[in-house]
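One structure is given below, encoded as structure tokens.
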Ligand code: SF4
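Numbering (the working numbering), first residue to last: 139 to 359.
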């Protein structure tokens with residue numbers, strides 16, 4: 139839970155009045171904000187997002203070109219020995235667990251979804267190793283946004299901006315779904331992620347350069 143000095147809250151006003159200006163300013167500031175993973179189709183999207191757990195998108199993008207040349211259909215992930223797939227994704231870390239998840243997911247795609255990637259959060263979260271955050275990212279990229287992705291940047295910035303008092307990602311998502319207009323649910327996490335990488339850094343937020351400093355109760359300027 140976070141609390142701000144009453145003066146800071148008073149200075150910036152209620153979050154309901156700040157949310158649209160926050161989104162609009164970030165849309166201008168980070169017009170290039172999109173998912174940083176590289177993929178060419180829905181299967182590659184799903185695999186990239188699954189591999190990105192506990193590692194950076196840059197790291198995943200280093201591994202996937204060769205991976206996607208070799209594994210083109212869900213069946214391809216099941217056709218090689220486990221150790222071979224483990225080896226092919228090893229640089230992304232946690233490769234044994236990720237291999238298990240990938241194989242379980244590919245099996246279910248083949249058996250239950252005719253080899254296609256489903257669109258609803260309910261179906262996506264049935265896939266082994268696919269938690270709500272992964273499902274949200276995939277659904278959103280496929281144009282079926284059903285929630286707000288909460289990663290480490292979204293969590294930190296939502297808290298700093300006084301958009302939530304929660305710490306748990308599921309509760310933060312609930313707060314953001316109530317606050318952020320639905321048409322922005324897909325882009326909002328990308329905006330916070332890019333703002334978090336470029337300006338509102340974890341250790342040293344650059345408040346003096348931040349376009350949100352008059353709307354942010356944590357601003358140091
Ligand atoms: S004003 Fe500072 S703390 Fe607030 S969003 Fe900007 S960089 Fe982050």
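Note that CB positions come from ideal geometry on N, CA and C, so glycine has one too.
Predicted model only: the values in this text are computed from it and were never measured.
Residue i (DSSP reduced to helix, strand or coil)
i           : result
residue 173 : coil
residue 332 : helix
residue 349 : coil
residue 242 : helix
residue 326 : helix
residue 299 : coil
residue 139 : Its pLDDT being 46, under 50, residue 139 is placed unreliably in this model, and the coordinates cannot settle the point.
residue 256 : coil
residue 251 : coil
residue 291 : helix
Cβ neighbour criterion (16 or more within 10 Å) applied to residue i
i           : result
residue 273 : buried
residue 237 : buried
residue 235 : exposed
residue 139 : Only weak support exists for where residue 139 lies, its pLDDT of 46 falling under 50; the value from the coordinates is given anyway. Exposed is the call here.
residue 281 : exposed
residue 293 : buried
residue 202 : buried
residue 192 : exposed
residue 307 : buried
residue 188 : buried
Proximity below 7 Å, CB of residue i to CB of residue j
i           : j           : result
residue 329 : residue 171 : yes
residue 358 : residue 345 : yes
residue 311 : residue 285 : yes
residue 184 : residue 276 : yes
residue 199 : residue 230 : no
residue 246 : residue 215 : no
residue 212 : residue 253 : yes
residue 168 : residue 332 : yes
residue 173 : residue 347 : no
residue 327 : residue 268 : no
Anticipated Cβ contact below 8 Å, residue i with residue j, distance rounded
i           : j           : result
residue 270 : residue 356 : Incorrect: roughly 27 Å between the Cβ atoms, too far for contact.
residue 208 : residue 226 : 7 Å
residue 159 : residue 317 : With a Cβ gap of about 13 Å, residue 159 and residue 317 do not count as contacting.
residue 349 : residue 163 : 5 Å
residue 221 : residue 233 : About 10 Å separates the two Cβ atoms, so there is no contact after all.
Check: residue i C-beta below 6 Å from any heavy atom of ligand 3
i           : result
residue 356 : As for ligand 3, it is missing from this structure, which binds only ligand 1.
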